[in-house]
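Note that this note's numbering gives residue 93 to position 80 of the sequence shown, counting from 1, and the numbers run on in steps of one. We put the CB at the ideal spot given by N, CA and C, even for glycine. What follows is a single structure, written as structure tokens, with notes after it.
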Amino acid sequence: MNFLIETERLILRNITHEDLEGFYELDSDPEVHRYLGNEPVTDRMVLAKVIDYVIGQYEEFGIGRWAVTEKITGEFAGWCGLKYIAEAAHHPNPYYDLGYRLIRRHWGKGYATEAARASLNYGFRQLDLNEIYAAAHPENEASNRILLKLGFSRLGSFMEHGSNNNWYVLKK
Numbered sequence: 014m015n016f017l018i019e020t021e022r023l024i025l026r027n028i029t030h031e032d033l034e035g036f037y038e039l040d041s042d043p044e045v046h047r048y049l050g051n052e053p054v055t056d057r058m059v060l061a062k063v064i065d066y067v068i069g070q071y072e073e074f075g076i077g078r079w080a081v082t083e084k085i086t087g088e089f090a091g092w093c094g095l096k097y098i099a100e101a102a103h104h105p106n107p108y109y110d111l112g113y114r115l116i117r118r119h120w121g122k123g124y125a126t127e128a129a130r131a132s133l134n135y136g137f138r139q140l141d142l143n144e145i146y147a148a149a150h151p152e153n154e155a156s157n158r159i160l161l162k163l164g165f166s167r168l169g170s171f172m173e174h175g176s177n178n179n180w181y182v183l184k185k
């Protein structure tokens, strides 16, 4: 399944192995991982397996995180999109999760909000979802602010990878 969404400044498309260097720039940055509860990636082969996993999600569920690229330059800026979560300790049923992660030089441009809004529109309009969930570390002010700006409501919190996370939902 080939996927493409255009926004005012961005293109959201399928992640491919051609995005490996962009993924490495993104996920090798300690500041990007500050609130994720895991360590930066130092091995490109680990990221190649992550890309394989995302491609597998496209094939199995028809959805997954998408590459976020600048419309004008074509530069890989990060990823955003919906992920199907079949099992999670903090939620009793399968659900769709909104996530986003950008290369640091693209922070503060509004790209996460723009890409997330397009992802939510796709989920509600194309997939006919009734609700979409998201999580953010309590100290990640930017991510929490984005979710609230998009209309999410905070449900509470949960522990994952040894850190606390705010738990949000957005209903159609």
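Spatially closest choice to residue 112 from 166, 59, 92, by CA coordinates: 92
Would residue 90 and residue 46 be called neighbours here (beta carbons separated by less than 8 Å)? no
Bridge-paired residues (DSSP) for residue 91: 81, 115
How would you write the range of the alpha helix (DSSP H) that residue 33 sits in, first residue to last? 33-40
Alpha-carbon spacing of residue 57 relative to residue 37, whole angstroms: Straight-line Cα distance between these residues: approximately 6 Å.
Run through the DSSP bridge pairs and tell me what residue 180 is partnered with. 148, 169
Taking C-beta to C-beta, are residue 105 and residue 97 nearer than 8 Å? no
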